[in-house]
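*Asks:* Submitted below is the structure of interest, expressed as structure tokens.
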Amino acid sequence: MRQDGELKQDDTRARQYLAGEGSPEERDAWEQRLLEDDDALLSYLESLEELQGQFPPLENQEHFTENVMGSLSTVKKHAIHPSKEIRPAKEGQRRSRWYEQAIVHYVIAASLTLIFLSSGVFDRLFSGEIGMFVPEGKHPSYSEQMMEATSGWLDQLMNSNRK
14 MRQDGELKQD
24 DTRARQYLAG
34 EGSPEERDAW
44 EQRLLEDDDA
54 LLSYLESLEE
64 LQGQFPPLEN
74 QEHFTENVMG
84 SLSTVKKHAI
94 HPSKEIRPAK
104 EGQRRSRWYE
114 QAIVHYVIAA
124 SLTLIFLSSG
134 VFDRLFSGEI
144 GMFVPEGKHP
154 SYSEQMMEAT
164 SGWLDQLMNS
174 NRK
């Protein structure tokens, strides 16, 4: 548990930080402490609530938000590709990479399937007989088999509810 002296010190440092006072090193140390210490963060939030009425109001909030978001996207683009010139992309257009194309995925899947079939991988998965016996003669279609199974299941369900 924190002592009163430490809490007062955190309150003082939080107020100084909010007022923009202190050296850059002190501010960086306080920011790091905010990330690591829950009590310091709580003290900062309490000080922020107390001082909220003292800050000047923001006149054009939408313009401010657009400027911040625009600068963030520029910073992000420079961080990802600092050596490349940033050109604004045309709206709705995006250069797709070859490995993002669906046809590439289909070709790879078909190639792997052919390789596995020719090498006998699927035969090794089921060693021995599978045990399927297909009688000769007229075979019911899959839809007929599904309908029979479903109607049999529904009959059993209805019979169990009647009892």
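At the far end of the sequence shown sits residue 176, using my numbering, and the numbering has no gaps.
Built from N, CA and C at the ideal position, the CB exists for glycine as well.
Quick one: is arginine 26 buried, meaning 16 or more other Cβ sit within 10 Å of its Cβ, or exposed?
*Replies:* Numbered from its first residue, the sequence shown carries residue 26 at position 13. Classification for arginine 26: buried.
*Asks:* Please work out which residues of its chain come closer than 7 Å, Cβ to Cβ, to leucine 31, disregarding the five sequence neighbours upstream and downstream, and give them in chain order.
*Replies:* In the sequence shown, counting from the first residue as 1, residue 31 sits at position 18. Result list for leucine 31: Ser60, Leu61, Leu64, in chain order.
*Asks:* If you reduce the DSSP assignment to three classes, tell me which class glycine 35 lands in.
*Replies:* Taking the sequence shown and counting its residues from 1, one reaches residue 35 at position 22. Coil, per DSSP.
*Asks:* Using 10 angstroms around the beta-carbon of glutamate 157, count the other beta-carbons present and answer buried if the total reaches 16, otherwise exposed.
*Replies:* Locating residue 157 in the sequence shown gives position 144, where the first residue counts as 1. Glutamate 157 comes out exposed.
*Asks:* Use the C-beta contact count for alanine 53: other C-beta atoms within 10 angstroms, 16 or more gives buried, fewer gives exposed.
*Replies:* Within the sequence shown, the letter at position 40 stands for residue 53. With 16 or more Cβ atoms within 10 Å of its Cβ, alanine 53 is classed as buried.
*Asks:* Given a cut-off of 7 Å on the beta-carbon distance, is the pair phenylalanine 77 and leucine 85 in contact?
*Replies:* The residue given as residue 77 occupies position 64 in the sequence shown. The residue given as residue 85 occupies position 72 in the sequence shown. Contact: no.
*Asks:* Within the continuous alpha helix (DSSP H) that includes tryptophan 7, where are the two ends?
*Replies:* This structure gives no information on residue 7, because the portion of the chain shown stretches from 14 to 176.
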